[in-house]
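Trainee: Counted from 1, the sequence shown has number 44 at position 44 by my numbering; the numbering is strictly sequential.
Here a beta-carbon is modelled for each residue, glycine too, at the ideal position from N, C-alpha and C.
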Amino acid sequence: MEFWNYLNNEPTQPGWYAVLMCFDSEEEAYPCAAEWTGTDWTCRGVLYFGGQAMPSEAEARALALQHDPRF
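1) For Gly-51 and Ser-25, I'd like the C-alpha separation in whole angstroms.
2) What ranges does the beta strand (DSSP E) occupy inside the region 11-35, keeping only unbroken runs of at least 3 residues that lie completely in it?
3) Between the alpha carbons of Tyr-17 and Trp-36, how many angstroms are there, rounded?
4) Run the CB neighbour count on Pro-55, radius 10 Å, all protein chains shown included, and call it buried at 16 or more, exposed below.
5) How would you label Leu-20, buried or exposed, when you count the other beta carbons within 10 angstroms and need 16 or more for buried?
6) Out of Ala-33, Glu-10, Leu-63, which one is the CA nearest neighbour of Cys-22?
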């Protein structure tokens, strides 16, 4: 799965996505799930998103963990 930089791209459909998040510039990005409303993320800190919209947060989180770039 490829992760896309959110600063240059937006998801095409609302839903839950596998994401890489970072809340502090000195921290590593970590895999998580976030919901895209169609215009914005419901949480802050999303740097990258990947795959397609998933039906649930749990499925998006599992996908993110399976494709954690740190491992």
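Mentor: Straight from the coordinates:
1) Looking up residue 51 in the sequence shown gives position 51. Looking up residue 25 in the sequence shown gives position 25. The alpha-carbon atoms of Gly-51 and Ser-25 are separated by roughly 24 Å.
2) Listed in chain order, the complete beta strand (DSSP E) runs (minimum 3 residues) inside the region 11-35 are 15-21.
3) As a working note, residue 17 is residue 17 in the sequence shown. As a working note, residue 36 is residue 36 in the sequence shown. Spanning the two alpha carbons is a distance of roughly 7 Å.
4) Taking the first residue of the sequence shown as position 1, residue 55 is located at position 55. It counts as exposed.
5) Here the question's residue 20 lines up with position 20 in the sequence shown. Burial is judged here by how many other beta carbons sit within 10 angstroms of a residue's own beta carbon; Leu-20 has at least 16 and is buried.
6) Within the sequence shown, the letter at position 22 stands for residue 22. The shortest Cα separation from Cys-22 among Ala-33, Glu-10, Leu-63 belongs to Ala-33.
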